[in-house]
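Undergrad: Structure provided below as structure tokens; questions to follow.
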Amino acid sequence: MLTIQQTQRLLQTGAISSEQLVLFCVARAATVSDAWERRIHTQTLLEQARQSDFRRAQNKLLSPLDGIPFSVKANLAVASLPLTAGSAILQTNACVGYHAQVVDALLQSGALLMGTTAMDEFGMGSLGMNRPKTTTSRTKNPISGWHRHRKMFSDEEMIHMILSCSETINKTQQQDDESTVIYSPGGSSSGSAVTVAQQAALFSLGSDTGGSVRLPAAWCAITGFKPTYGRLSRDGLVAYASSLDTVGILAPTVSCLSVVWEELLQQQSRQPRQDSTLRSTLSNDANPTRASASTRQQLLEGVKVAVPTAFVVKEMSQQVRDNWKNAARQLEEMGATVHVTDTITPQVLQQALAAYYVLACAEATSNLGRYDGFRYGSAADCGWMNAVREDEQPQSKSSLLEQQYAKARTRGFGSEVIRRILCGTSVLSSDHYHTHYEAAAKLRAVLAQQMRNVLKQYDVLLVPTTFNMPPRIDEANSIDSTAMMANDIMTVPASLGGFPALSIPYGHWEAVPFAMSMQLVAAQQDEHTLFRVSQALQDRAVA
1 MLTIQQTQRL LQTGAISSEQ LVLFCVARAA TVSDAWERRI HTQTLLEQAR
51 QSDFRRAQNK LLSPLDGIPF SVKANLAVAS LPLTAGSAIL QTNACVGYHA
101 QVVDALLQSG ALLMGTTAMD EFGMGSLGMN RPKTTTSRTK NPISGWHRHR
151 KMFSDEEMIH MILSCSETIN KTQQQDDEST VIYSPGGSSS GSAVTVAQQA
201 ALFSLGSDTG GSVRLPAAWC AITGFKPTYG RLSRDGLVAY ASSLDTVGIL
251 APTVSCLSVV WEELLQQQSR QPRQDSTLRS TLSNDANPTR ASASTRQQLL
301 EGVKVAVPTA FVVKEMSQQV RDNWKNAARQ LEEMGATVHV TDTITPQVLQ
351 QALAAYYVLA CAEATSNLGR YDGFRYGSAA DCGWMNAVRE DEQPQSKSSL
401 LEQQYAKART RGFGSEVIRR ILCGTSVLSS DHYHTHYEAA AKLRAVLAQQ
451 MRNVLKQYDV LLVPTTFNMP PRIDEANSID STAMMANDIM TVPASLGGFP
501 ALSIPYGHWE AVPFAMSMQL VAAQQDEHTL FRVSQALQDR AVA
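Residue numbers (UniProt numbering): 1 to 543.
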């Protein structure tokens, strides 16, 4: 898998050019067409790549990401593309006209935007299957059928692959025959994970509400990072649940993540604050992965790792438990102190999932109320005065208007979005507000406090990212959506508390070509420690 560091080295030595790199990524992108919402025109990308090559020749690079291709989730604004958030109600050909602040930061760094990626509608889903009714294709996991879950190529191998990208594409396409079993890539940042795993982009921006970056990263054998809530600007991000939504990063390795993270923080510090939830940038965000591999073991001396027993749920297989124990043992061998702790109570953790969906649905109801076909969103295809037949005309115009609202939202929203809006409306009603919404908010506070308490004693928590492998796409429709939500119990706690979390590939499932994964969680605004420990564990995992 091509990493940012390897690419920087090849570009710097002149072994490849940004123009050749773009052609390679464009060719790789063609093999995962269902992972894209909109693509930037190839000629535009090539012109931008030539400008990057010229800056490199003049030794005037804008940043370490200059000339590096990336993708963004379709709920982040890109000025030259429509902002759809994966929903039919926003499907128009009108360009949004402005960049999300994080997208603008990367473009100012010289990174090359390949396009926007497919996603579950408004970020609601875990399989990448909740797409508009008019969309027949479903995003597929690109590692389906592979006889390896990841491989790092030498510089010579990568140069050959990039310079002969058409040959590479032909080989890839031959693998995906009709007999290949296709699996879900996870969601809701499904397209972002797929474009990185397939090397159609070297990194991607996604959004994480309750695990929407970490779950697809785990299932696609890449790394996924959700920073502390408020560390990256949400300006230009279509809101799902405002107190939970966080811009995240997906990349091949932890070291790739850290390069993007460091550049985003630097660019963000130069821009005016456009997000009221944005936290100030601390000074301890130096890139921890610059240390050589021989010294990373020493970096874990004095690091305390907690293994919370509350995350041992009955749905977790013995294989996942063994992989978890192995990761803890590896950290101990690298100098870390690992303790099993019961500071987080099982009852609170089990109730956290229900609390998350109560709060998320309530906030979704509020945020999506603006999409009525008039103020925001596409109107239904007939005028509001023709919403009903003449013999059914109601007595007041307000009733006609309400019917047009209902028609636009019924046609524009998918079934999962409607279900969550109705759920949110219910919990915010006078009958349920105190018993449901307030209770969920109180439980969120209790969980966050318990996690803060354990992270005062330890540097990171170690838990699995998910306790099952991705389901087959042809069987996904038969999976009970409520049962699928149970998988989020591993990722939701970090989101409820606003803590930074990072998922890395670690171990592999028996008899299937999929990597397993582990997740590390750190204290708020302590991304530095999170990267240190994650990098060390990933180094050992691929050694």
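All C-beta atoms, glycine included, are put in the ideal place defined by N, C-alpha and C.
What's the C-alpha gap between D235 and S243?
TA: Computed Cα separation, rounded: 14 Å.
Undergrad: Which same chain residues, not among the five before or five after I198, have their C-beta less than 7 Å away from its C-beta?
TA: One detail in the question is off: residue 198 reads as Gln in this sequence, not Ile. Contacts found: R28, T31, V32, P142.
Undergrad: Cα separation between Y356 and E47?
TA: Cα-Cα distance, rounded: 45 Å.
Undergrad: Need the endpoints of the beta strand (DSSP E) that E332 sits in, please.
TA: Premise fails: E332 lies in the alpha helix (DSSP H), 318-333, not in any beta strand (DSSP E).
Undergrad: With 16 as the cutoff for other CB atoms within 10 Å, does residue 545 come out buried or exposed?
TA: The structure shown does not extend to residue 545, since the chain is modelled only from 1 through 543, so no value can be given for it.
Undergrad: Distance check for T465 and G248, CA to CA, integer angstroms please.
TA: Between G248 and T465, the C-alpha separation is close to 15 Å.
Undergrad: Closest by CA to R214, which one among P513, A536, L502, D539?
TA: Comparing Cα-Cα distances from R214 to each of P513, A536, L502, D539, the minimum goes to L502.
Undergrad: Determine the contact status of A193 and G224, defining contact as a CB-CB distance below 9 Å.
TA: Cβ distance < 9 Å, so A193 and G224 count as in contact.
Undergrad: State the start and end residues of the unbroken alpha helix (DSSP H) segment that holds H160.
TA: Where H160 is concerned, the enclosing alpha helix (DSSP H) stretches over 155-163.
Undergrad: Measuring CA to CA, which of L112, V446, Q330, A336 is closest to L496?
TA: For the residues L112, V446, Q330, A336, the minimum Cα distance to L496 belongs to V446.
Undergrad: Measuring CA to CA, which of A541, R532, R540 is closest to S255?
TA: The candidate whose alpha carbon is nearest that of S255 is R532.
Undergrad: Beta-carbon separation of K73 and M119 under 9 Å?
TA: For K73 and M119, yes; Cβs fall inside 9 Å.
Undergrad: Jot down the residue ranges of each uninterrupted alpha helix (DSSP H) in the segment 239-263, minimum 4 residues, whole runs only, in chain order.
TA: With a minimum length of 4 residues, no continuous alpha helix (DSSP H) run stays inside the segment 239-263.
Undergrad: By the three-class DSSP mapping on this structure, what secondary structure does H41 have?
TA: Of the three classes helix, strand and coil, the one that applies to H41 here is coil, per DSSP.
Undergrad: Out of K442, N326, V454, which has the shortest C-alpha to C-alpha gap to Q538?
TA: When only C-alpha atoms are compared, the closest one is N326.
Undergrad: Report the three-state DSSP secondary structure of H508 (helix, strand or coil).
TA: H508: strand per DSSP, three-state reduction.
Undergrad: If I'm right that V492 touches A352 with Cβ under 8 Å, what's the distance once you round it to whole angstroms?
TA: With a Cβ gap of about 6 Å, V492 and A352 count as contacting.
Undergrad: When you compare only the Cα positions, how much space is there between L400 and K407?
TA: Computed Cα separation, rounded: 10 Å.
Undergrad: Could you check the C-alpha separation between F203 and E527 for me, to the nearest Å?
TA: When rounded, the distance between both Cα atoms is 18 Å.
Undergrad: How should N386 be labelled, buried or exposed, when 16 other C-beta atoms within 10 angstroms of its C-beta is the threshold for buried?
TA: Residue placement at N386 is flagged as unreliable, the pLDDT there being 45, under the threshold of 50; the coordinate-derived value follows with that caveat. Looking at its Cβ environment, which holds fewer than 16 other Cβ atoms inside 10 Å, N386 is exposed.
Undergrad: Throw me the rounded Cβ distance for the L2 and M158 pair, which I believe falls under 8 Å.
TA: With 8 Å as the limit, L2 and M158 qualify as a contact, their Cβ atoms being about 6 Å apart.
Undergrad: Report the residue from R279, V22, M316, V427 whose alpha carbon sits nearest the alpha carbon of R50.
TA: Checking every option, the nearest Cα to that of R50 belongs to V22.
Undergrad: Using a 10 Å radius around the Cβ and a threshold of 16 neighbouring Cβ atoms, would you call G414 buried or exposed?
TA: Counting Cβ neighbours within 10 Å, G414 comes out buried, since at least 16 surround it.
Undergrad: Within this structure, are the beta carbons of G498 and Y229 separated by less than 9 Å?
TA: Taking 9 Å as the Cβ cut-off, G498 and Y229 qualify as a contacting pair.
Undergrad: Can you tell me whether G128 is helix, strand or coil according to DSSP?
TA: Correct three-state label for G128: coil.
Undergrad: Nearest-angstrom Cα distance between I504 and Q403?
TA: So the alpha carbons of these two residues sit roughly 48 Å apart.
Undergrad: On the DSSP bridge list, what partners appear for K442?
TA: Answer by DSSP bridge pairing: none, since K442 is not bridged.
Undergrad: Considering just the uninterrupted stretch of the beta strand (DSSP E) at F203, what are its terminal residues?
TA: 203-208 is the span of the beta strand (DSSP E), which, as asked, contains F203.
Undergrad: By how many angstroms is the C-alpha of S212 removed from the C-alpha of P132?
TA: Spanning the two alpha carbons is a distance of roughly 18 Å.
Undergrad: Comparing alpha-carbon positions, which option in T84, A105, S154, G187 lies nearest L127?
TA: Taking only the C-alpha atoms, the option nearest L127 is G187.
Undergrad: Evaluate residue 597 with the Cβ neighbour count: other Cβ atoms within 10 Å of its Cβ, from every protein chain shown; 16 or more gives buried, anything less gives exposed.
TA: It is not possible to answer for residue 597, since the shown part of the chain is limited to 1 through 543.
Undergrad: Measure the beta-carbon distance from T473 to K60 and round it to whole angstroms, keeping in mind my assumption that it falls under 8 Å.
TA: Just to set this straight, residue 473 is Ile in the shown sequence, not Thr. Not quite, the Cβ-Cβ distance comes to about 46 Å (not below 8 Å), so this is no contact.
Undergrad: Please state the DSSP three-state secondary structure of Q91.
TA: DSSP places Q91 in coil when its eight states are reduced to three.
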